[in-house]
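In the working numbering, the protein residues as written are 15 to 69. Every residue, glycine too, gets a C-beta built ideally from N, C-alpha and C. Owing to the predicted nature of the structure, the values given are computational and were not obtained by experimental measurement. Below: the structure, in structure tokens.
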């Protein structure tokens, strides 16, 4: 844990609470907020106007 010192007072950051997976819908497309599902694709690729890009 990292500690924050502000005006002579020490503060500790609390651990982040786990979030539940939520399925979102936008313009008839379904998206999932789970980060584990995104983690398997570490190198996404993008095609724009016929040119492929990779991150």
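- The three-state reading of DSSP puts residue 36 in coil, since its state is none of H, G, I, E or B.
- Rounded to the nearest whole angstrom, the C-alpha separation of residue 68 and residue 43 is 23 Å.
- Within the model, the alpha-carbon separation for residue 60 versus residue 66 is close to 6 Å.
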